[in-house]
Amino acid sequence: MSLALLFLLFVITISILLSKLGRKYPFPPGPKGLPVIGNMGLMGQLNHHGLAELAKIYGGLCYLKVGQIHMVAVSTAYMAQQVLQAQDSVFSNRPATMAISYLTYDRADMAFAHYGPFWRQMRKICVTKVFSRKRAESWASVREEIYSFIKEISTKVGSNVNIGETVLGLTKNITYRAAFGSISQEGQGEFLKIMQEFSKLFGAFNVADFIPWLGWINGQDFNRRLAKARGALDGFIDKIIDDHMVKRKNRGIENGEEDVEDDMVDELLEFYGEDGSGKSDSITITRDNIKALIMDVMFGGTETVASAIEWAMAELMKSREDLIRVQEELANVVGLDRQVNEFDLEKLTYLKCVIKETLRLHPPIPLLLHETATDVVVDGYKVPAKARVMINAWAIGRDESAWTEPHKFKPSRFLETNAPDFKGSNFEYIPFGSGRRSCPGMQLGLYALELTVAHLCHCFNWELPDGMKSDELNMNDVFGLTAPRAVQLVVIPSVRLNCPMF
Ligand code: HEM
Ligand SMILES: *[C@@H]1O[C@H](CO)[C@@H](O)[C@H](O)[C@H]1NC(C)=O
């Protein structure tokens, strides 16, 4: 009897649950679209500024449709938590245009692989091996490239230095060295050209991504350009991989010992096996995986770090009292008789606050792009499968309900106890993302960022050119993969240290 009752209860609960799921949830609020093209008229607004404006009208979860693609903009800490934590397994895929799929060898990398066993393997290799603190060579690349960067600036004392340009040169040198080692130096110019073309194609608007049957519009020319770009990368990296294989063989003959100066290609070759016969663990990767992973590092680690360094220096030029405070801290902790080094970083509390505040106001990747794996309900709204989810880290970092004086550069806010941290558990502050898809290069990126800004502030005093006043600095950004300054920062260094610099 009681068993039958229990069963009845069970059936009723299940059917209530099922009917609840089956009920029609509405899409999140959003601007009305036209038939076929949907909100394509808003294409120009699909950046962090435009989406923040839409959020003011429609709220933290806003729905758009462009052509046949569903899109959702996430603009508050609460909604970000729903998406990145509460239902993260549904939201952990990546959207990719046709160009991106093609250029990443059909998502053979980590950044554009969908969430699943393959992605997990790639991520494991990167986190435990390639980006790991244990792999000394990447960190050495950072230190040594910063050294020659500071040396270069010291030759320009008293004249205009374009910080944006030189810093981008620095981070390109760092990632190139970390990836390919020093044996591949000559090819750098050629490689940068290939990357530039990739970057353009990544960002190119292609109608077919949104309305497949209109694919003929961009058509053949676009496809030829894609094939040419990938062909160029193939030629370049194949040669580097071959060189590294020869190097490995010779090394084995010479001493059979592990060489400490392993670059990323060396590290990845440990897992290499064209036919699934790699020797390390049970994971094997192919040439395509190696090429695609190298591109991840180049795109993930170059512009991001450069943009953050330039923004930090721009904010310090704008806010003199903060620059002075950072320099006083450096004078106290390091002293003016030697250069700053990595062991000082832990003690440079205010410098770290400046870095954090810079990443809040200018997250290098302002929009985190995710894709839903299945239909899902968020906060009572329906988000369909394969929707493109844009998490607006920029707008969230400036949210008035989470931050006091959100638009003001105020590093001291991070001195307060309970100040948010960027490790991913404070959803009002997610410059590196949060959860499964968060940035695996955070440690390395922060290291380069902190060390460079420390050196720049410690070695030199800085003035703006042509008697420019600090409030005349243009603080606009432009939108691409990252959000660098619209006008590159130009400043004049003068000597600050008592010791000879080099
Ligand atoms: C200041 C520097 C950096 C910032 C602010 C930054 C930020 C981010 C953000 C916001 C994401 C996406 C998170 C998401 O989608 O939820 C990301 C992903 C990623 N970053 Fe970084 N990053 C930085 C430096 C680096 C460096 C130095 C590397 C490599 C050496 C790197 C490699 C990657 C990769 C491979 C991914 C994709 C991870 C995945 O999809 O599983 N990043 N980063
Ligand atoms: C980057 O490396 C190249 C080639 O070694 C060098 O000429 C250049 O000065 C470096 N750039 C910076 C900013 O250190």
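Read left to right, the sequence shown gives residues -19 to -1, 1 to 483 (mature numbering (1 follows the signal peptide of the UniProt record, and there is no 0)). For glycine and all other residues, C-beta sits at the position ideal for the given N, C-alpha and C.
- By the Cβ neighbour-count rule, A400 is exposed, with fewer than 16 other Cβ atoms within 10 Å of its own.
- Taking the Cβ atoms as the reference, P446 lies roughly 10 Å from N143, outside the contact range of under 8 Å.
- For the options S73, V123, A213, the alpha carbon positioned closest to that of A159 is the one of V123.
- Excluding its 5 nearest sequence neighbours in each direction, F191 has C-beta neighbours in its own chain below 6 Å: V47, G48, I50, listed in chain order.
- Rounded to whole angstroms, G168 and F161 show a C-alpha spacing of 10 Å.
- Here G19 is bridged, per DSSP, to L15, V47.
- Taking non-hydrogen atoms of ligand 1 into account, the C-beta of H29 is found less than 7 Å away from none of them.
- Secondary structure note for E352: it is in no alpha helix (DSSP H), and the uninterrupted beta strand (DSSP E) holding it is 348 to 352.
- Distance from the CA of A354 to the CA of A189, rounded to the nearest whole angstrom, comes to 21 Å.
- Distance from the C-beta of S419 to the nearest heavy atom of ligand 1 is below 7 Å.
- In the DSSP secondary-structure assignment, S475 is bridged to N442.
- A distance below 8 Å separates the beta carbons of W292 and H343.
- D247 has its CB no nearer than 7 Å to any heavy atom of ligand 1.
- As DSSP reads the structure, L42 sits in a beta bridge with V55.
- The C-alpha of R306 lies about 21 Å from the C-alpha of M449.
- Within a 10 Å sphere around the beta-carbon of T152 sit 16 or more other beta-carbons, which makes this residue buried.
- DSSP places M79 inside the alpha helix (DSSP H), whose first and last residues are 79 to 84.
- For G212, the closest alpha carbon among the candidates I264, D247, A273 is that of A273.
- The Cβ atoms of A33 and C43 do not sit closer than 8 Å to each other.
- Between F183 and A210, the gap from beta carbon to beta carbon reaches 8 Å or more.
- Beta bridge pairing from DSSP links V357 with V364.
- By the Cβ rule, the segment 54 to 64 counts as touching the segment 359 to 376, because three or more pairs are nearer than 8 Å.
- The beta carbon of T147 sits closer than 7 Å to at least one heavy atom of ligand 2.
- Secondary structure note for R369: its beta strand (DSSP E) is the uninterrupted segment 369 to 373.
- Relative to E381, the option among Y331, V364, D458, G41 whose CA is nearest is G41.
- A straight line joining the alpha-carbon of D356 with that of D452 spans about 48 Å.
- Secondary structure within the segment 89 to 147: the alpha helix (DSSP H) runs of 4 or more consecutive residues, fully enclosed, are 98 to 106, 117 to 135 (chain order).
- In this structure, F130 has its CB closer than 7 Å to one or more heavy atoms of ligand 2.
- Note that the segment 284 to 300 touches the segment 452 to 469; at least 3 beta-carbon pairs, one per stretch, sit closer than 8 Å.
- In the three-state DSSP reduction, D69 falls in the coil class, being neither helix nor strand.
- The beta carbon of V468 sits closer than 8 Å to the beta carbons of N455, N457 from its chain, once the five residues preceding and following it are set aside; these are given in chain order.
- Note that the C-beta distance between E309 and L329 is not below 8 Å.
- Around the beta carbon of F(-13), fewer than 16 other beta carbons sit within 10 angstroms, so the residue counts as exposed.
- Around the beta-carbon of W100, 16 or more other beta-carbon atoms lie within 10 Å, marking it buried.
- With respect to the 8 Å criterion, D69 and G416 are classified as neighbours on the basis of their beta carbons.
- Checking the 7 Å criterion, the Cβ of N231 is out of range of every heavy atom belonging to ligand 2.
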